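J.:
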Amino acid sequence: MNRNFSGNFAELKHKYFFPKSEIFDNIINRTHVFESFLNETSLQGALLEREKEGGNFVSEFIKILESKIPRKVWELWFSTLKFDSVDHEAKKIKLIVGNLFIKEWLEKKYGKVIQKSVEQTFGKDYTYSIDFETVNSDFKADKTIESPEPIVKKRPLILSNLNDEYTFENFVYGDENEFAYRVAFEVAKQPGIYNPLFLTGDVGLGKTHLMQAIGHHIINSMPEVRVLYTTSEAFANELIKAFKENSSTLFREKYRKKVDVLLIDDIQFLIGKNGIQTELFHTMNELLDQHKQIIICSDRPLSELKEFQDRLLSRFQMGLFVKINPPRLQTRKLIVKNFSKRYGLKIREDVLDYIAQNIQGSVRRLKGAVMKLLAQQKFAGNPVNLSEAAQLLKELVDSPAGPKVDFKTSLLKLLADNFEVSIDELLSSSRKNEVSFVRMIGMYIAVEYFGYTPQEVGSWFNRGRTTVIHGIKKLKSLKIDDRIINKMVFIRNQLSAKTGDSVI
Ligand code: ADP
Ligand code: MG
Numbered sequence: 041m042n043r044n045f046s047g048n049f050a051e052l053k054h055k056y057f058f059p060k061s062e063i064f065d066n067i068i069n070r071t072h073v074f075e076s077f078l079n080e081t082s083l084q085g086a087l088l089e090r091e092k093e094g095g096n097f098v099s100e101f102i103k104i105l106e107s108k109i110p111r112k113v114w115e116l117w118f119s120t121l122k123f124d125s126v127d128h129e130a131k132k133i134k135l136i137v138g139n140l141f142i143k144e145w146l147e148k149k150y151g152k153v154i155q156k157s158v159e160q161t162f163g164k165d166y167t168y169s170i171d172f173e174t175v176n177s178d179f180k181a182d183k184t185i186e187s188p189e190p191i192v193k194k195r196p197l198i199l200s201n202l203n204d205e206y207t208f209e210n211f212v213y214g215d216e217n218e219f220a221y222r223v224a225f226e227v228a229k230q231p232g233i234y235n236p237l238f239l240t241g242d243v244g245l246g247k248t249h250l251m252q253a254i255g256h257h258i259i260n261s262m263p264e265v266r267v268l269y270t271t272s273e274a275f276a277n278e279l280i281k282a283f284k285e286n287s288s289t290l291f292r293e294k295y296r297k298k299v300d301v302l303l304i305d306d307i308q309f310l311i312g313k314n315g316i317q318t319e320l321f322h323t324m325n326e327l328l329d330q331h332k333q334i335i336i337c338s339d340r341p342l343s344e345l346k347e348f349q350d351r352l353l354s355r356f357q358m359g360l361f362v363k364i365n366p367p368r369l370q371t372r373k374l375i376v377k378n379f380s381k382r383y384g385l386k387i388r389e390d391v392l393d394y395i396a397q398n399i400q401g402s403v404r405r406l407k408g409a410v411m412k413l414l415a416q417q418k419f420a421g422n423p424v425n426l427s428e429a430a431q432l433l434k435e436l437v438d439s440p441a442g443p444k445v446d447f448k449t450s451l452l453k454l455l456a457d458n459f460e461v462s463i464d465e466l467l468s469s470s471r472k473n474e475v476s477f478v479r480m481i482g483m484y485i486a487v488e489y490f491g492y493t494p495q496e497v498g499s500w501f502n503r504g505r506t507t508v509i510h511g512i513k514k515l516k517s518l519k520i521d522d523r524i525i526n527k528m529v530f531i532r533n534q535l536s537a538k539t540g541d542s543v544i
């Protein structure tokens with residue numbers, strides 16, 4: 041569970057690289073995100089009160105429950121939990137949480153554990169129920185929203201071109217992304233509830249899809265609400281143009297006054313673009329002050345956007361972070377099935393298995409595979425068989441010897457492209473400082489980011505296992521320049537996108 045959240049900010053490996061600024065510590069230490077729900081009547085507060093009333097079963101219950109739940113989950117999900125009452129006659133415990141979403145999540149994921157704790161504390165025949173408080177999300181769109189339902193339904197205000205396919209119905213998820221899906225759906229139903237919402241995850245995992253699904257849902261269910269989707273690149277270009285043409289007032293009006301839900305995609309594009317970040321900061325401030333919903337996507341976690349202005353980062357931090365994970369095998373199968381159905385591909389079971397097993401990482405590549413088979417099906421007039429599929433998808437699947445070969449080649453090439461060394465030098469016995477340094481970076485990326493063993497990485501560089509271990513250790517002890525970190529992150533993302541290997 042915690043993997044979806046800010047857990048990734050605490051990853052030690054990042055710590056080695058990033059100088060500790062105050063803001064950064066903040067991010068790293070941010071263990072729970074539901075702070076807004078925490079108040080003095082939270083679990084601990086309620087507990088004290090009950091204790092006073094002599095209800096010391098309650099603290100026992102909490103202790104037992106807490107001991108069964110991983111710490112991060114506890115902080116994330118149980119922070120709004122209040123003990124309401126115990127009815128000894130009916131043998132019923134009543135608990136209360138912050139909202140319906142949390143209630144359903146806890147019941148589904150931790151229902152059994154809660155029941156067990158209830159039984160252990162109060163007795164075998166006790167049961168429990170969870171209620172929720174109604175949270176006012178504060179979201180304010182057009183005034184018309186409060187007026188009675190119009191007889192003739194308003195046509196939605198179309199401010200942005202959303203991709204018709206990027207809907208919740210078309211988004212397939214398994215356990216690994218159920219949380220992301222549900223949070224997105226919750227925001228779509230109740231904008232303002234988590235604000236800003238920050239979606240991260242590697243390239244091609246469905247960030248844009250999920251973000252636009254929120255947009256579609258809001259447009260359809262609340263036609264008065266003005267939803268604006270843009271990429272940070274388009275935002276930047278528009279701003280530059282507005283400055284050139286002296287029309288920055290119009291620009292500001294559009295982004296700060298004429299939108300109720302702002303979707304900004306690919307925020308990582310703004311790394312190093314200070315002026316645009318300033319504009320975005322003021323845009324966000326103004327929108328959030330008016331209780332408008334903001335959703336942001338980034339293919340880098342916040343910990344890698346460290347170059348962003350601190351004030352912008354703190355604005356992001358006020359919201360909820362959700363990581364989209366690579367789909368697991370079972371989900372990949374479902375996704376391919378879904379694509380096949382949608383595009384009319386007749387897919388054989390063995391071909392389906394083949395794709396799901398051999399194309400990992402990006403969902404975009406799964407889609408690519410389905411499209412290739414579809415083209416062939418149209419051409420040949422009948423469904424593709426397994427050997428034809430293997431032939432057709434050669435380029436898309438991870439190489440038969442395993443992705444490792446690909447990974448090594450890609451890594452060496454990316455290192456040579458991004459630093460001033462050649463592949464030959466990297467593989468040579470050269471001990472020149474610049475060469476050793478880049479070699480260490482390569483080793484670090486392969487071992488620390490992707491989980492290759494020092495032994496195999498050593499063999500790629502014609503070196504032994506201990507050289508790799510020492511190299512990584514040395515690199516960690518050095519103070520690394522920001523530009524180098526950016527290059528490393530770039531290489532990491534490229535590798536993940538190209539080889540389909542998941543970052544650990
Ligand atoms: P990202 O923005 O994370 O790079 P996209 O949202 O552009 O990824 O997704 C890439 C493609 O894969 C899109 O066509 C999208 O519809 C599809 N896709 C991604 N994730 C899923 C999913 N879970 N279910 C169905 N389609 C998905
Ligand atoms: Mg995207």
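The sequence shown begins at 41 in the working numbering and counts up by one. Glycine included, C-beta positions come from ideal geometry on N, C-alpha and C. In this text the structure is predicted, and so the values were computed from the model without any measurement.
Determine the burial state of residue 371: buried for a count of at least 16 other Cβ atoms within 10 Å of its Cβ, exposed for fewer.
T.: As a first step, residue 371 must be located in the sequence shown, where it is residue number 331. Label assigned to residue 371: buried.
J.: Considering only residues of the same chain and omitting the five flanking positions on each side of residue 478, which have a CB-CB separation below 6 angstroms?
T.: As a first step, residue 478 is located in the sequence shown; it is residue number 438 there, counting from the start. Correct list, in chain order: 455, 459 and 461.
J.: Check each candidate in 117, 528 and 436 and name the one with the smallest Cα separation from residue 395.
T.: Against the sequence shown, residue 395 aligns to sequence position 355. Closest by alpha carbon: 436.
J.: Under the three-state reduction of DSSP, which class applies to residue 124: helix, strand or coil?
T.: Residue numbering aside, residue 124 sits at position 84 when the sequence shown is read from its first letter. DSSP places residue 124 in strand when its eight states are reduced to three.
J.: Suppose the cutoff is 7 angstroms on Cβ atoms and the five residues either side in sequence are ignored; what does the same chain contact list for residue 409 look like?
T.: Numbered from 1 along the sequence shown, position 369 holds the residue referred to as residue 409. Taken in chain order, the residues that qualify are 395, 399, 433 and 436.
J.: When the Cα atoms are used, what is the spatial distance from residue 525 to residue 531?
T.: Translated into the one-based positions of the sequence shown, residue 525 becomes position 485. Translated into the one-based positions of the sequence shown, residue 531 becomes position 491. Between residue 525 and residue 531, the C-alpha separation is close to 10 angstroms.
J.: Short of 7 angstroms in beta carbon distance, which residues of its chain neighbour residue 211, apart from the five on each side in sequence? Order them along the chain.
T.: To locate residue 211, count along the sequence shown from 1; it is residue 171. Hits under 7 angstroms: 221, 246, 249, 250 and 253.
J.: Relative to the C-alpha of residue 107, which candidate in 96, 125, 147 and 160 has its C-alpha closest?
T.: Counted from its first residue, the sequence shown places residue 107 at position 67. The shortest Cα separation from residue 107 among 96, 125, 147 and 160 belongs to 160.
J.: Comparing the CB of residue 300 with every heavy atom of the ligand MG, is any distance shorter than 7 angstroms?
T.: If you number the sequence shown from 1, residue 300 lands on position 260. Residue 300 Cβ: outside cutoff for every heavy atom of the ligand MG.
J.: Please find out if some non-hydrogen atom of the ligand ADP comes closer than 7 angstroms to the beta-carbon of residue 345.
T.: Locating residue 345 in the sequence shown gives position 305, counting from the first residue. No.
J.: Under 8 angstroms Cβ to Cβ from residue 452, same chain only, skipping five residues before and after it: list those, please.
T.: Start at 1 with the first residue of the sequence shown, and residue 452 comes out as number 412. Excluding positions up to five away in sequence, the list reads 463, 466, 467, 482 and 500.
J.: Does DSSP put residue 83 in a helix, a strand or coil?
T.: Numbered from 1 along the sequence shown, position 43 holds the residue referred to as residue 83. Only weak support is given to the placement of residue 83: the predicted model assigns it a pLDDT of 43, under 50, and the question is left unresolved by the model.
J.: Following the continuous beta strand (DSSP E) through residue 476, name the residue where it begins and the one where it ends.
T.: On the sequence shown, residue 476 is found 436 positions in, with the first residue counted as 1. Premise fails: residue 476 lies in the alpha helix (DSSP H), 473-484, not in any beta strand (DSSP E).
J.: Using a threshold of 7 angstroms, is the CB atom of residue 204 nearer than that to any non-hydrogen atom of the ligand ADP?
T.: Along the sequence shown, read from residue 1 onward, the residue named residue 204 stands at position 164. Flag unset: Cβ of residue 204 not near the ligand ADP.
J.: Per DSSP, residue 270 is paired with what?
T.: Taking the sequence shown and counting its residues from 1, one reaches residue 270 at position 230. Residue 270 pairs with 304.
J.: With hydrogens ignored, establish whether the beta-carbon of residue 247 is closer than 7 angstroms to any heavy atom of the ligand MG.
T.: Position 207 of the sequence shown, counted from the start, is the residue given in the question as residue 247. Checking every heavy atom of the ligand MG against the Cβ of residue 247, one is found closer than 7 angstroms.
J.: Report all residues from its chain with a CB closer than 6 angstroms to the CB of residue 300; omit the five preceding and five following residues, and keep chain order.
T.: As a working note, residue 300 is residue 260 in the sequence shown. Hits under 6 angstroms: 181, 265, 266 and 332.
J.: Could you tell me the alpha carbon to alpha carbon distance between residue 425 and residue 388, rounded to whole angstroms?
T.: If you number the sequence shown from 1, residue 425 lands on position 385. If you number the sequence shown from 1, residue 388 lands on position 348. If I take the Cα positions, the gap works out to 7 angstroms.
J.: Given a threshold of 16 other Cβ atoms within 10 Å of its Cβ, counted over all protein chains shown, does residue 488 qualify as buried or as exposed?
T.: Position 448 of the sequence shown, counting from 1, holds the residue named residue 488. Looking at its Cβ environment, which holds 16 or more other Cβ atoms inside 10 Å, residue 488 is buried.
J.: Given residue 484, which residues of its chain have a CB within under 7 angstroms of its CB, disregarding the five upstream and five downstream residues?
T.: Here residue 484 is taken as the residue at index 444 of the sequence shown, counted from 1. Result list for residue 484: 512 and 515, in chain order.
J.: State the Cα-Cα distance for the pair residue 126 and residue 147, rounded to the nearest angstrom.
T.: For the purposes of this step, residue 126 is taken as the residue at position 86 of the sequence shown. For the purposes of this step, residue 147 is taken as the residue at position 107 of the sequence shown. Answer to the nearest angstrom: the Cα atoms are 18 angstroms apart.
J.: Could you tell me the distance, in whole angstroms, from the CA atom of residue 302 to the CA atom of residue 124?
T.: Translated into the one-based positions of the sequence shown, residue 302 becomes position 262. Translated into the one-based positions of the sequence shown, residue 124 becomes position 84. C-alpha separation (whole angstroms): 38 angstroms.
J.: Just to check my reading of the structure: residue 234 and residue 223 have Cβ atoms closer than 8 angstroms, yes? What is that Cβ distance to the nearest angstrom?
T.: In the sequence shown, residue 234 corresponds to position 194, counting from 1. In the sequence shown, residue 223 corresponds to position 183, counting from 1. That pair is a contact at about 7 angstroms.
J.: Taking three-plus beta-carbon pairs below 8 angstroms as touching, is the stretch 361-381 in contact with the stretch 280-300?
T.: The stretch 361-381 vs the stretch 280-300: no contact.
J.: Do residue 367 and the ligand ADP come close, with the Cβ less than 7 angstroms from some heavy atom?
T.: By 1-based counting over the sequence shown, the position of residue 367 is 327. Indeed, a heavy atom of the ligand ADP lies less than 7 angstroms from the Cβ.
J.: Could you pull the start and end residues of the beta strand (DSSP E) that residue 233 belongs to?
T.: In the sequence shown, counting from the first residue as 1, residue 233 sits at position 193. Neither: residue 233 is in no beta strand (DSSP E) and is coded neither H nor E.
J.: Can you give me the Cβ contacts of residue 537 inside the same chain, cut-off strictly under 8 angstroms, excluding the 5 residues immediately before and after it?
T.: Position 497 of the sequence shown, counted from the start, is the residue given in the question as residue 537. Around residue 537: 242, 243, 244, 401 and 402.
J.: Got a sec? Which residues, its chain only, sit under 6 angstroms from residue 191 by beta carbon, not counting five neighbours each side?
T.: As a first step, residue 191 must be located in the sequence shown, where it is residue number 151. Bear in mind that the predicted position of residue 191 carries a pLDDT of just 42, short of 50, making it too unreliable to give a figure here.
J.: Any idea what DSSP makes of residue 240, helix, strand or coil?
T.: Here residue 240 refers to the residue found at position 200 of the sequence shown. If DSSP states are grouped into helix, strand and coil, residue 240 belongs with the strands.
J.: With distances taken between CB atoms, is the gap from residue 133 to residue 166 smaller than 8 angstroms?
T.: By 1-based counting over the sequence shown, the position of residue 133 is 93. By 1-based counting over the sequence shown, the position of residue 166 is 126. Going by C-beta atoms, residue 133 is nearer than 8 angstroms to residue 166.
J.: Enumerate in chain order the residues of its own chain whose CB-to-CB distance from residue 14 is below 7 angstroms, with the five nearest sequence positions on each side excluded.
T.: Here the chain covers residues 41 to 544 and nothing more, so residue 14 does not appear.
J.: Along the chain, where does the beta strand (DSSP E) containing residue 168 start, and where does it finish?
T.: Counted from its first residue, the sequence shown places residue 168 at position 128. From DSSP, the beta strand (DSSP E) with residue 168 extends over 167-172.
J.: Please identify the residue among 309, 506, 510 and 117 whose C-alpha is closest to the C-alpha of residue 149.
T.: The residue you call residue 149 lines up with position 109 of the sequence shown. Here the closest residue by C-alpha is 117.
J.: Around the C-beta of residue 392, are 16 or more other C-beta atoms found within 10 angstroms, so that it is buried, or is it exposed?
T.: Numbered from its first residue, the sequence shown carries residue 392 at position 352. Result: buried.
J.: In three-state DSSP terms, what is residue 299?
T.: Taking the sequence shown and counting its residues from 1, the one referred to as residue 299 is at position 259. Coil, per DSSP.
J.: So does residue 376 have its beta carbon nearer than 7 angstroms to some heavy atom of the ligand ADP?
T.: If you number the sequence shown from 1, residue 376 lands on position 336. Outside the cutoff, so no.
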